[in-house]
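Student: Residue numbers (the UniProt record's numbering): 1 to 282.
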Amino acid sequence: MNAAGSSTARTAHAQPRWDIRTFGRAEVLVDGAPANWASQGAQDLFFYLLSHPEGRSREEILEALWGLEADASSGNRFRVTLHRLRAALGDREAVGEAYGRYHLSPALFRASDVQALHAALHEADSAQDAAQRLRAYQRALSTYHGDYLPQLRSDWAQTAREEHQAAYVRACTELSLVYCEQRDCPAAVGALVRALKADPYIGEQYHQKLMTCLSVVESKYAAVEHYRRFIRFLRDHLADTPMAETAELAGRIKCGEQICARAPGPSAAQDSSCALRASRLN
Numbered sequence: 001m002n003a004a005g006s007s008t009a010r011t012a013h014a015q016p017r018w019d020i021r022t023f024g025r026a027e028v029l030v031d032g033a034p035a036n037w038a039s040q041g042a043q044d045l046f047f048y049l050l051s052h053p054e055g056r057s058r059e060e061i062l063e064a065l066w067g068l069e070a071d072a073s074s075g076n077r078f079r080v081t082l083h084r085l086r087a088a089l090g091d092r093e094a095v096g097e098a099y100g101r102y103h104l105s106p107a108l109f110r111a112s113d114v115q116a117l118h119a120a121l122h123e124a125d126s127a128q129d130a131a132q133r134l135r136a137y138q139r140a141l142s143t144y145h146g147d148y149l150p151q152l153r154s155d156w157a158q159t160a161r162e163e164h165q166a167a168y169v170r171a172c173t174e175l176s177l178v179y180c181e182q183r184d185c186p187a188a189v190g191a192l193v194r195a196l197k198a199d200p201y202i203g204e205q206y207h208q209k210l211m212t213c214l215s216v217v218e219s220k221y222a223a224v225e226h227y228r229r230f231i232r233f234l235r236d237h238l239a240d241t242p243m244a245e246t247a248e249l250a251g252r253i254k255c256g257e258q259i260c261a262r263a264p265g266p267s268a269a270q271d272s273s274c275a276l277r278a279s280r281l282n
């Protein structure tokens, strides 16, 4: 084979450059161009396998994607779809099979925002200092631009969506703690707001924390307004009321008490009628 032929062979077998986005939108680029799926089934199979990095059997795939049992007809459909998926990704090795389970190649996962999110969280968990944790959590947040595969309503997509959302929310709350340790109160508020916007059900303690931070960064009025919105949220979505300690915290903030120990300045003197007035928050 001459040099030109050798170069052509290497190019033909070169791994494509993938760019995979799943948060807020679904987009797969192959060498800078949108993937040509050829069928909806090929696209669905890709995102299904992306949602199950441990792999799935043919029977599990047939049931989850098409509600089919394994037989000659469904087996042929699977083979055609798998061929289309590999063609769309530009690499026969993009989808492998081991011990009866089909999975995407590690290179594909590395090209995805899903992998970037969880890799950043892993780095943060093993960080040796606050600066490294800060950078890792910031990188995790930069990958997340909305719900995972928002266009899909299947059960398997919803399960993966909740898993990735929980990872993102954890990154937000942990980042808020790092900012708090550094006394960067505005940044701590921003991270908490992102966490509660993504999942307002994560825990009442985070609403308490945001109230405290808002009383420092903005004003007691902003903190009390968040409390009132929280009351409405509990009533409208859970038919519930705040915990007594949350109501007490709102009362203390309304009276002007300095709640945050990290905030500058001495605690304000309390008016004797403050507790009575604060009770009206409920």
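Just so it is clear, CB atoms sit at the ideal spot from N, CA and C, and this is done for glycine as well.
Which residue spans inside the region 60 to 130 form an unbroken beta strand (DSSP E) run of at least 3?
Tutor: 95 to 98, 101 to 104
Student: Ordered along the chain, which non-local residues of its own chain (more than five positions away) have a Cβ less than 6 angstroms from that of A223?
Tutor: Your numbering for residue 223 matches position 223 in the sequence shown. Excluding sequence neighbours, A223 sits near M211, L214, S215, I253.
Student: Look at the alpha carbon of H164 and the alpha carbon of H52, and state the distance between them as a whole number of angstroms.
Tutor: By 1-based counting over the sequence shown, the position of residue 164 is 164. By 1-based counting over the sequence shown, the position of residue 52 is 52. If you take the alpha carbons of H164 and H52, they lie about 12 angstroms apart.
Student: DSSP three-state call for Y148: helix, strand or coil?
Tutor: Numbered from 1 along the sequence shown, position 148 holds the residue referred to as residue 148. The three-state reading of DSSP puts Y148 in strand, counting E and B together.
Student: Starting from W18 and walking both ways along the beta strand (DSSP E), at which residues does that stretch end?
Tutor: Reading the sequence shown from its first residue, position 18 is the one you call residue 18. Taken as a continuous stretch (DSSP letters only), the beta strand (DSSP E) holding W18 covers 18 to 21.
Student: According to DSSP, is P242 helix, strand or coil?
Tutor: Here residue 242 is taken as the residue at index 242 of the sequence shown, counted from 1. If DSSP states are grouped into helix, strand and coil, P242 belongs with coil.
Student: If you measure between the beta carbons of L82 and S74, is that distance less than 8 angstroms?
Tutor: Within the sequence shown, the letter at position 82 stands for residue 82. Within the sequence shown, the letter at position 74 stands for residue 74. No, Cβ-Cβ distance for L82 and S74 is not below 8 angstroms.
Student: Over what stretch of residues does the beta strand (DSSP E) that includes L29 continue unbroken?
Tutor: In the sequence shown, residue 29 corresponds to position 29, counting from 1. L29 -> beta strand (DSSP E) spans 27 to 30.
Student: Tell me, please, which residues DSSP counts as bridged to P53.
Tutor: Along the sequence shown, read from residue 1 onward, the residue named residue 53 stands at position 53. None, per the DSSP bridge assignment.
Student: Check Q15 in the structure and name its three-state DSSP category.
Tutor: Position 15 of the sequence shown, counted from the start, is the residue given in the question as residue 15. Three-state DSSP puts Q15 in coil, outside helix and strand.
Student: Just list the residues that DSSP pairs P34 with in beta bridges.
Tutor: Position 34 of the sequence shown, counted from the start, is the residue given in the question as residue 34. BP columns for P34 point to L29.
Student: Compare the Cα-Cα distances from D31 to each of Y168, I231, W18 and report the closest residue.
Tutor: Walking along the sequence shown from the start, residue 31 turns up at place 31. Comparing Cα positions, the closest option is W18.
Student: For D184, does the three-state DSSP call read helix, strand or coil?
Tutor: For this step, residue 184 is matched to residue 184 along the sequence shown. Correct three-state label for D184: coil.
Student: Around the C-beta of G251, are 16 or more other C-beta atoms found within 10 angstroms, so that it is buried, or is it exposed?
Tutor: The residue given as residue 251 occupies position 251 in the sequence shown. Buried is the call here.
Student: Can you tell me which of D91, G55, R77 puts its alpha carbon nearest to the alpha carbon of A35?
Tutor: For the purposes of this step, residue 35 is taken as residue 35 along the sequence shown, with counting starting at 1. That would be D91, whose Cα lies nearest to the Cα of A35.
Student: Which residue marks the beginning of the alpha helix (DSSP H) containing R228, and which one marks its end?
Tutor: Here residue 228 is taken as the residue at index 228 of the sequence shown, counted from 1. It spans 220 to 233 - the alpha helix (DSSP H) in which R228 sits, taken as one unbroken run.
Student: For a test of the three-state rule: what should DSSP assign to D155, helix, strand or coil?
Tutor: By one-based count along the sequence shown, residue 155 stands at place 155. In the structure shown, D155 sits in a helix (DSSP, three-state: H, G or I).
Student: Given a cut-off of 8 angstroms on the beta-carbon distance, is the pair A112 and L65 in contact?
Tutor: Taking the first residue of the sequence shown as position 1, residue 112 is located at position 112. Taking the first residue of the sequence shown as position 1, residue 65 is located at position 65. The sequence given here has Ser at residue 112, not Ala. No, Cβ-Cβ distance for S112 and L65 is not below 8 angstroms.
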